[in-house]
Each structure stands twice: as C-alpha cells, then as structure tokens.
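Below is one structure; the comments refer to it alone.
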Amino acid sequence: MDNTSLARFITSLGSLNGYGSTVLQTKKALDAKSTEPLTQNSEDPVIFSDALKGIEAIKEVGFSSEGIIAINKQFDSLSIEQPNWPGHLRNAMYNEDDRIAIIVDEKSQLKYFPKEVITRNDLDEIVNQYRHSAQEEFDAWTVFAKLSKLQAFQDGNKRTALIAANSAYGTFESGNYLVLPFNDLDRAEFTINLMRYYIANDEASEQSAFNKMMNTLPSTEERIRELHKPIKEETLTDAKTIRLKPQIRSKHND
Numbered sequence: 001m002d003n004t005s006l007a008r009f010i011t012s013l014g015s016l017n018g019y020g021s022t023v024l025q026t027k028k029a030l031d032a033k034s035t036e037p038l039t040q041n042s043e044d045p046v047i048f049s050d051a052l053k054g055i056e057a058i059k060e061v062g063f064s065s066e067g068i069i070a071i072n073k074q075f076d077s078l079s080i081e082q083p084n085w086p087g088h089l090r091n092a093m094y095n096e097d098d099r100i101a102i103i104v105d106e107k108s109q110l111k112y113f114p115k116e117v118i119t120r121n122d123l124d125e126i127v128n129q130y131r132h133s134a135q136e137e138f139d140a141w142t143v144f145a146k147l148s149k150l151q152a153f154q155d156g157n158k159r160t161a162l163i164a165a166n167s168a169y170g171t172f173e174s175g176n177y178l179v180l181p182f183n184d185l186d187r188a189e190f191t192i193n194l195m196r197y198y199i200a201n202d203e204a205s206e207q208s209a210f211n212k213m214m215n216t217l218p219s220t221e222e223r224i225r226e227l228h229k230p231i232k233e234e235t236l237t238d239a240k241t242i243r244l245k246p247q248i249r250s251k252h253n254d
C-alpha cells in the first residue's frame, strides 16, 4: 500500500468521528507501524488501528454482506466511538443498546430514527444493487449513503460504510481511495447533505440529497491528485499571537 494515499484515506475516514491527527502524523504512524506518532489524548489511536483492521477484514472476505459485518466486527477497541457489540446487526426489539436515534440538527430537535430490526437481507439488498449497477464511482457512493442511513450496527456505521464502498470500488488495490471532500467547509456541507439523506422519506427526496452530497466531492482527477500528493512537514502557528474563534462546533453522531 502507498502510505501517502492511505494516510489521507484514514484521515478522511476518521473525520467522521472527530479524528484530529494530521495527515503527516498518520503517515508517520503507518510508516512506523505504531500509533505513537498520533495525538494520544484522543480517540485517534483507536480509530486508526480499527480502520486498518477493518480494511484487512474486507480485503480477506470481499465486498459482501459478510464483508460489511467483518469490517464492523474489527471496531472492538475500548472507546466511546466503537460499538458495544462489534459486528452485531441491530435488533431493538430485544436489545436496549440497539435502540438508536441520530441527531441531525445543532439543537437536537430533529432526529432520524432508523429501522429497529436489521437483517442480512438489508445488507444483501445494498450489495446486490451495487453488483447489478454500472459499478461506477456514483454507485460506490450509493453504497456509502445507503449503508450509513441503514445504521446496521450500534456504532461506527459511517466508517463501516466508507470502507465498504471503497472495497466495492476496488480502491484498496489501486490506492485511489474514495474520500470525503478535502476542504473542511465542503466536508461540512457533505455531512449536512448526508443528514438530509437520512431524513428523506421518499425516493425523490433521497435522490435530491444524494446529488447534493455528490456535488461537494472532488472530481476523480482532483481526488487522485490530492491523494498521492507528497505530504509536507507542518508549520505550527504561534497560538500566543492569534486569537482563534471556531465557528463550527457541532458534530454529528455516527
């Protein structure tokens, strides 16, 4: 694997759950085969390690319902970002931990309630839809969107979905990973449109939200160029001379 592009993929994947280590730190961790270079007082080492395990799991099993379950089953490190029962398909009829709702607005007024009971048939439907599609980039992102909305697992659903979409599209062989927008503002807009996709209750609304998601993504050429671009050493800003005023504070649950 090319650790430069893989570092950018893991950083993008981790951004779904507040991963704060830089691309350079992530590449150093990959090169060293150690989490030591990562930000330690965070969930970063867990997200990093379990992402690599998830990638290896689906590479071994292949893109399938079993492969999707195998990804989430690797999210087994002790962390609030990980499911209590990795790889378990939710059944809210008998397990309280399987009863989830996704907050989709800043004030917690609007929530998305996914279906309560998930079966392998739900995963099969998404897998088979992709297999019978043109299997273009658009179709791989459809896998991501549908798996994310399904919320098949207790936690780690968007990360599972992004790894699965990349497996479907064959990027673990090429290193030309599907990633979220590189720009922070575009990535925030992508996430907002994913929340719109969650709450869409008909096919037309889903397609509208999905198209908005796709419009925020980099072109194929830009994505491949940015993934493989050499990583520069980072220059730290002297925080004593600048007052930082963050404007985007909320983050969406997985």
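Under the numbering used here, read the sequence shown as residues 1 to 254, first letter to last.
Think of the CB as a built atom: it goes at the ideal place given N, C-alpha and C, for glycine as much as any other residue.
When DSSP states are grouped into helix, strand and coil, K229 belongs to the coil group. Exposed is the label assigned to M1, since fewer than 16 other Cβ atoms lie within 10 Å of its Cβ.
In this structure S12 is buried. Its beta-carbon is surrounded by 16 or more other beta-carbon atoms within 10 angstroms.
In the structure shown, N41 adopts coil according to DSSP, grouped into three states. The way I'd put it, the segment 147–156 does touch the segment 76–95; three or more beta-carbon pairs between them come closer than 8 angstroms.
T119 has its alpha-carbon roughly 17 angstroms from the corresponding atom of F63. I58 is positioned such that its CB atom lies no closer than 8 angstroms to that of A188.
Assignment of beta-bridge partners to I163 by DSSP yields no partner. The DSSP-derived three-state label of V117 is strand.
With 16 or more neighbouring CB atoms inside 10 Å of its own CB, L30 falls in the buried class. Around the beta-carbon of N17, 16 or more other beta-carbon atoms lie within 10 Å, marking it buried. The Cβ atoms of L38 and D44 lie closer than 8 angstroms to each other. Judged by pairs of C-beta atoms under 8 angstroms, the segment 136–151 touches the segment 186–201, as three or more such pairs exist.
The C-beta of K232 has fewer than 16 other C-beta atoms within 10 Å across all chains shown, which makes the residue exposed.
For Y112, the pairing in a beta bridge is given by DSSP as I102. One thing to note: T160 has its Cβ no nearer than 8 angstroms to the Cβ of F190.
Between T35 and S49, the C-beta spacing is below 8 angstroms. Distances from the alpha-carbon of T26 to those of K212, I10, Q135 put I10 closest.
Short of 6 angstroms from the beta carbon of R131, and not among the five residues preceding or following it, lies no beta carbon of its own chain.
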